[in-house]
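What follows is a single structure, written as structure tokens, with notes after it.
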């Protein structure tokens, strides 16, 4: 009956009740709890919880709201041994604690090179100079008088999953894949600003520079800037957060997040790349033959199962079970995600649910009847260009294991009969 | 050149620089600021701000992030004289401080009848009983083992703009229109739960009951429950916030938010509505003839200009100016929004930007060249059913002015030559 007029993957009644989802049936004769009768507290049964008997906090006591105290474990985390200091380090999004495709601003991963620069928006300036007809300086208010757009994009650090090149290492989805967030950005197309300044015909590259004390810099091809880059000042409706570039960062859709310079203060227009630190000693991919790939901008299609995962084990021992995960591609929309329960012998196509947008996270689910035996879970993303997410071994054959960047290989989680999950590789 | 390969409304170079956007040109010969040279602070010019010279906070110091200290004014606000107590009251979303279509969780409006119920998720139960084959009790973990979906929906209180029936009154967009939020909900279709319980053939209505001490109740037609209602446990990816029903509320897409019962603990299946307080003395619309409209569930198409508005005046005196606002409809997608600058004499079609989704907020913009004279700004939404947002006077002719609910009339903002904005009505 449930499937009759519904073409989505839903579970029929028999499969749920028959397959280990032990829903508590209300005891016969026990009757249903009655609504508390107003004005007669004596009518309340003794087991009515405190929250149904007393007034709670009034409105706007929490003028800017926070999560429940029961969700205090849902936080960004760093890995102390991973970097020499916390000012030049990373904290990871708790992907295993999220669903859907929007990352709440308070949980978006951070990657800083000199800590969180705390800019005063009144003193903020963005300069555009170099090979332009007219160098320009913009205040934040200037930027907000230019036509703006709203786009949901993922931002992924090139080093996401970087620890896994040499084998399964980080036993947590948050640490293997948590250098990604997906929010709605609001900003002005960079093209609008460049047209105002008047780009000279010999211009080919831009230098992007941050206002943090690391003065983060990257070279950006002019064509990408004209195609789709945004000078962004909002995420998920509100102002950028300090750790994500308040008041202004650049969005470089589909490209590695290191290029999404935060606290953006300067754009220089030139005719060649600058070869600064972040595109020479860092963010290049050293191959086995001693050569390095450089300017590896695009984040290839990738996916990961977020639940179950090492930090989110299964709490039941068999029966109806949901696998949930995320997929994304720097080349366009996700077209399909396949999931295997047995390490790649058999694959099934996952249900994509929620908006599937260009260069945005997509959410996928597989519902299945777990027999309680060991599982080897993997997901494999395909994007609209036909690109298929490779295995880690396929990547290693081409790239070797010297790099920390651009590991978009298929992730394997082993689920034990007890529901515990660990990061493994299967030969 | 700017418009050549782009079919969006963007402003050509001449129109921006020619029309009062006084961008600061960089002084000739002044040169561009150089990137701070690492290791040689003495090279920094004296006017380099502190944030470009010192390390900021390291990662995960703010394990759950907060907005910048410069955004402390971006908060929900209540109106002290509006209600007898803050436990049975409302706080409003600061719409004039937001952009795009996602409301951050910390800014979603609240409406409580007995304050914020603080449930412990481990003790949470949802009971389904009444005209069912098998009464059932669900834990939160049970709900999370059922197939779930992700949908971006607006939730609007039926009383939104309710103070305006008798004329312009609240001089703030936050208070005239701020009882609305728009987030991505994750939840299980209610249909799945009802199929599990087995609804009897004579069933026609559901009673929804909250676990707060007001035991909030509403009657819901069974057909709506089967069509599209969600038993939701997440908003924007993370758990519901306490003030929005943690751990479980119901989403009733397109219908008045009073029916979106928070802290949902009980669903009773019956054959007729219950006629409880919230659908008799409240949430009915008293007409001039003494009769009342009841079960007025659907939120009709509506829109409002959020910027400029009384709390967000124009800071410039003429030139390129952006009007930004939101539109939504409980009957489907927004098809079009028109904007007038002169109180309805001339209309232009706004640019919708960002996802335009079924029963979700849509964002619109109009860019225009302000001559510095008085403006009378209005927006008018049309949805995909062909419904056109009415004027307030058109509404009053049909409904009178006795009700506080379902005022979706066109809002007028007067902008003075000084850029100040006030809530007015024009005859």
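Protein chains in written order, with the UniProt record's numbering: chain R, 1 to 427; chain G, 1 to 427. Even for Gly, the Cβ is constructed at its ideal location relative to N, Cα and C. In this text the structure is predicted, and so the values were computed from the model without any measurement.
The three-state reading of DSSP puts residue 423 (chain R) in strand, counting E and B together. Residue pairing by DSSP places residue 270 (chain R) opposite R:205 in a beta bridge.
Under the DSSP definition of a beta bridge, residue 221 (chain G) partners with G:205. Linking residue 85 (chain G) to residue 110 (chain G) through their CA atoms gives a straight-line distance of about 14 Å. Across the region 94-112 of chain R, CB contacts with chain G closer than 8 Å involve 97, 98, 99, 100, 101, 102, 103, 104, 105, 106, 107, 108, 110, 111, 112, in sequence order along the chain. Against chain G, a Cβ distance below 9 Å from residue 315 (chain R) picks out 141. Look at the region 239-293 of chain G and you find no whole run of alpha helix (DSSP H) that is 4 residues long or longer. Measuring C-alpha to C-alpha distances from residue 353 (chain R) to each of R:274, R:295, R:345, R:335 identifies R:335 as the nearest. One finds 59 in chain G with Cβ atoms closer than 7 Å to the Cβ of residue 90 (chain R), taken in chain order. Check the Cα spacing between residue 230 (chain R) and each of R:188, R:168, R:255: the tightest is with R:188. Per the coordinates, the alpha-carbon of residue 390 (chain R) lies some 44 Å from the alpha-carbon of residue 138 (chain R). In the DSSP assignment, residue 399 (chain G) falls within the alpha helix (DSSP H) that extends over 392-399. Between the alpha carbons of residue 382 (chain R) and residue 151 (chain R) lies a gap of roughly 22 Å. Relative to the Cα of residue 261 (chain R), the nearest Cα in the group R:168, R:233, R:426, R:369 belongs to R:233.
If you check each beta-carbon in the region 217-240 of chain R against every beta-carbon of chain G, the ones closer than 7 Å belong to 217, 234, 236, 237, 238, 239. If you look at residue 195 (chain G), you'll find it in the alpha helix (DSSP H) that goes 190-197.
Three or more pairs of CB atoms, one per stretch, sit closer than 8 Å, so the region 249-266 of chain R contacts the region 155-166 of chain R. DSSP places residue 175 (chain G) inside the alpha helix (DSSP H), whose first and last residues are 173-177. Residue 184 (chain G) and residue 105 (chain G) do not touch by the CB rule: their CB atoms are close to 10 Å apart, not below 8 Å. In this structure, residue 267 (chain G) sits away from residue 357 (chain G), with a CB-CB distance that is not shorter than 8 Å. If you check the CB distance, residue 311 (chain R) and residue 96 (chain R) come in under 8 Å.
A straight line joining the alpha-carbon of residue 380 (chain R) with that of residue 366 (chain R) spans about 13 Å.
For the set G:248, G:241, G:220, the Cα lying nearest the Cα of residue 275 (chain G) is the one of G:220. Annotation: the continuous beta strand (DSSP E) that includes residue 302 (chain G) extends over 302-307. Of R:118, R:181, R:270, R:315, the smallest CA-CA separation from residue 264 (chain R) is found for R:118. If you draw a straight line from the Cα of residue 386 (chain G) to the Cα of residue 328 (chain G), it comes to about 13 Å. The C-beta of residue 66 (chain G) comes closer than 8 Å to at least one C-beta of chain R. Judged by DSSP secondary structure, residue 387 (chain R) falls outside any beta strand (DSSP E); it is assigned neither H nor E. With respect to the C-alpha of residue 393 (chain G), the residue from G:292, G:167, G:186 having the closest C-alpha is G:167.
Nearest in C-alpha terms to residue 342 (chain R), of all of R:136, R:424, R:74, is R:424. Taken atom to atom, the span from the alpha-carbon of residue 397 (chain G) to that of residue 409 (chain G) is near 12 Å.
For residue 74 (chain G), at least one C-beta of chain R is nearer than 8 Å to its own C-beta. Between the region 408-422 of chain R and the region 289-307 of chain R there are three or more inter-stretch CB-CB distances shorter than 8 Å, so the stretches are counted as touching. Excluding the 5 residues flanking it on each side, residue 91 (chain G) has same chain C-beta neighbours closer than 7 Å at 76, 77, 78, 109, 110, in chain order.
The beta carbon of residue 211 (chain R) falls within 8 Å of a beta carbon belonging to chain G, placing the residue at that interface.
DSSP places residue 230 (chain G) in the uninterrupted beta strand (DSSP E) bounded by 230-235.
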